[in-house]
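Protein chains: 2
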Amino acid sequence: MLATETVENYLKAIYLVQREAAAGEAPMGKIAAALGVTAGTATSMVKKLVAARLARHERFGGVRLTAKGTRAALDILRRHRLVETFLVDTLGLDWSVVHDEAERLEHAISPMVLDALDRHLGRPAFDPHGDPIPRADGALQESEAMPMSELGAGDGARLVRVLDQRGDSLRFLRASGLKVGATLRVVAIEPGAGVMRIRPDGGTVVSMSTTAASRVLVRPLRGRS
Amino acid sequence: MLATETVENYLKAIYLVQREAAAGEAPMGKIAAALGVTAGTATSMVKKLVAARLARHERFGGVRLTAKGTRAALDILRRHRLVETFLVDTLGLDWSVVHDEAERLEHAISPMVLDALDRHLGRPAFDPHGDPIPRADGALQESEAMPMSELGAGDGARLVRVLDQRGDSLRFLRASGLKVGATLRVVAIEPGAGVMRIRPDGGTVVSMSTTAASRVLVRPLRGRS
DNA sequence: TACTAAAGTTTGATTACTCAAACTCATGGT
DNA sequence: ACCATGAGTTTGAGTAATCAAACTTTAGTA
Ligand SMILES: [Mn+2]
Ligand SMILES: [Mn+2]
Ligand SMILES: [Mn+2]
Ligand SMILES: [Mn+2]
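Residue numbers (the working numbering), protein chains in the order written: chain A, -10 to 214; chain B, -10 to 214.
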């Protein structure tokens, strides 16, 4: 742990914002919002990251992690996702609560504990939300998937990942039978209302906004209905 | 977590020093030493604990936890010892390394995770070192035991607890076959050299200083050799 | 092109924790 | 009774992280 807990949180936040952003650069405001701090605070912390060669940044521009910063971010992400997997698989907690728990635990896991955890869990490749777990060497393979919102009426698909970490979203999905690995079918789409109707295999039809559906990633099934 | 991580560390340290001390009061210097800070730092932190009604203290006197402070300390101790138990029983780490790991993890464990951990471990009463684990309601029952240094030559006993958390002490004990639950016999005592010779059941004789032996707690066996 | 709104930065202050060093108190040995 | 020594306290300063509010820049819009 060369970095302080705060620095670790900044690195992870910048990494994730950067992945999302078009230009591959993280806007300062997004970083601040992700961390729940003011823009001024984020600006001064980023200066420290730049001084530590973890990020690059020029005045009024975006923030970009260096190779060193990216490596550190992936290491934190690995700890976060392995902890989430442990909390669900070993301790039996619900997938809607583990994100916040992991947000604190990720900073207290030493390399030794991390490796023991990884072995205990059988070296998993994905966390409970379908997020890929970076390997110890920093390798990260994103799974091939498309937003559920891009499916057409009648299409079948397998749910492979949920990007939204908000507890109520995850509780809604679980209650609907929409968990990672489940297969489902699009019953109908109402573009005017911005709503799609989904039927999970062996469940009842549920309505979701296309916005919410765009944060659920699926892999289409070859079989047509 | 009403308290900060630092405050949690102070509460636990004061609790343990207080248990050790004769007068039931923790001297400021011992607290500082236990936490690795200067006496001045400890003095000012104790002022904060007093302001928060977690401890009582008068100038140049000892420190004593209030009921509220004791309750908080026991809660932290519970987290610490359950985490140690998890690291040994579930992850298979050696008992000589888990103390330091738990020192950090104890602050990141929420009540929900703690309870899930407790259930997963089968609600253990003792940690890997034989230290009693406080119950969720704060109840703590010390086990009946005496220092191994008080045994006489020829006495048999069962090892029930190791007070010393130092890594090399624990590694020595494990390498000698002296683990919690093991039975042993005192082969000889050399008061002049301050050394006792111990034979663990099914092991070979080892020599230990009486000082080291006084930190190993045992329960005598009724059978004589 | 000129102006304004949004985004980002700077400044000055605050809280939490820490140390070094100067200082004060308690006490036990002569 | 004295007072040296060790234990404890206070003071002044520094680091890390944060906010509010004043300020600057950028990038549209008009
Ligand atoms: Mn975090
Ligand atoms: Mn996740
Ligand atoms: Mn601790
Ligand atoms: Mn222990």
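Virtual Cβ for every residue (Gly too), placed ideally from N, Cα, C. Since the model is a prediction, treat every value here as computed from it, not as a measurement.
Residue-chain proximity (residue i, chain B), Cβ-Cβ < 8 Å
| i | result |
| --- | --- |
| residue 214 of chain A | Residue placement at residue 214 of chain A is flagged as unreliable, the pLDDT there being 49, under the threshold of 50; the coordinate-derived value follows with that caveat. It does not; no Cβ of chain B falls within 8 Å. |
| residue 24 of chain A | no |
| residue 204 of chain A | no |
| residue 93 of chain A | yes |
Proximal residues to residue i (C-beta, below 7 Å), its chain only, five neighbours per side dropped
| i | result |
| --- | --- |
| residue 129 of chain B | 63, 121, 123 |
| residue -3 of chain B | 65, 96 |
Where residue i sits in the DSSP three-state scheme
| i | result |
| --- | --- |
| residue 214 of chain B | Only weak support exists for where residue 214 of chain B lies, its pLDDT of 49 falling under 50; the value from the coordinates is given anyway. Coil. |
| residue 145 of chain B | strand |
| residue 88 of chain B | helix |
| residue 124 of chain B | coil |
| residue 178 of chain A | strand |
| residue 118 of chain B | coil |
| residue 82 of chain A | coil |
| residue 163 of chain A | helix |
| residue 48 of chain B | coil |
| residue 68 of chain B | helix |
| residue 55 of chain B | coil |
| residue 113 of chain B | coil |
| residue 206 of chain B | strand |
| residue 16 of chain B | coil |
| residue 138 of chain A | helix |
| residue 155 of chain B | coil |
| residue 132 of chain A | coil |
| residue 150 of chain B | strand |
| residue 33 of chain B | helix |
| residue 194 of chain A | coil |
| residue 98 of chain A | coil |
Straight-line Cα distance separating residue j from residue i
| i | j | result |
| --- | --- | --- |
| residue 6 of chain A | residue 138 of chain A | 22 Å |
| residue 142 of chain A | residue 131 of chain A | 27 Å |
| residue 3 of chain A | residue 39 of chain A | 13 Å |
| residue 81 of chain B | residue 108 of chain A | 10 Å |
| residue 194 of chain A | residue 164 of chain A | 12 Å |
| residue 179 of chain B | residue 140 of chain B | 12 Å |
| residue 66 of chain B | residue 11 of chain B | 21 Å |
| residue 76 of chain B | residue -6 of chain B | 21 Å |
| residue 181 of chain B | residue 47 of chain B | 43 Å |
| residue 133 of chain B | residue 171 of chain B | 16 Å |
| residue 144 of chain A | residue 196 of chain A | 15 Å |
| residue 18 of chain A | residue 49 of chain A | 11 Å |
| residue 32 of chain B | residue 96 of chain B | 23 Å |
| residue 183 of chain A | residue 200 of chain A | 8 Å |
| residue 162 of chain B | residue 102 of chain A | 22 Å |
| residue 27 of chain B | residue 36 of chain B | 15 Å |
| residue 192 of chain B | residue 83 of chain B | 20 Å |
| residue 147 of chain B | residue 90 of chain A | 40 Å |
| residue 69 of chain A | residue 0 of chain B | 28 Å |
| residue 100 of chain B | residue 41 of chain B | 22 Å |
| residue 113 of chain B | residue 23 of chain A | 39 Å |
| residue 210 of chain A | residue 173 of chain A | 9 Å |
Min CB distance residue i to chain A below 8 Å
| i | result |
| --- | --- |
| residue -3 of chain B | no |
| residue -8 of chain B | no |
| residue 90 of chain B | yes |
| residue 42 of chain B | no |
Same chain, Cβ closer than 6 Å to residue i, neighbours up to 5 away in sequence not counted
| i | result |
| --- | --- |
| residue 127 of chain A | 60, 63 |
| residue 85 of chain B | 156, 159, 160 |
| residue 14 of chain A | 51, 53 |
| residue 229 of chain B | The structure shown does not extend to residue 229 of chain B, since chain B is modelled only from -10 through 214, so no value can be given for it. |
| residue 203 of chain A | 136, 138 |
| residue 88 of chain B | 154 |
Same chain only: Cβ atoms within 8 Å of residue i, ignoring 5 sequence neighbours per side
| i | result |
| --- | --- |
| residue 106 of chain A | 71, 72, 75, 98 |
| residue 57 of chain B | 42, 43 |
Taking a cut of 9 Å between CB atoms, which residues from the stretch 95 to 125 of chain B lie near chain A? Taking 9 Å as the Cβ-Cβ cut-off, the stretch 95 to 125 of chain B approaches chain A at 95, 96, 97, 98, 99, 101, 102, 105, 106, 108, 109, given in chain order.
Residues in the stretch 53 to 85 of chain B with C-beta within 9 Å of chain A's C-beta atoms, listed in sequence order? 76, 79, 80, 81, 82
According to a CB-to-CB cut-off of less than 8 Å, which residues of the stretch 3 to 23 of chain A neighbour chain B? none
Mind listing which residues of the stretch 133 to 162 of chain A have their C-beta closer than 8 Å to chain B's C-betas, in chain order? none
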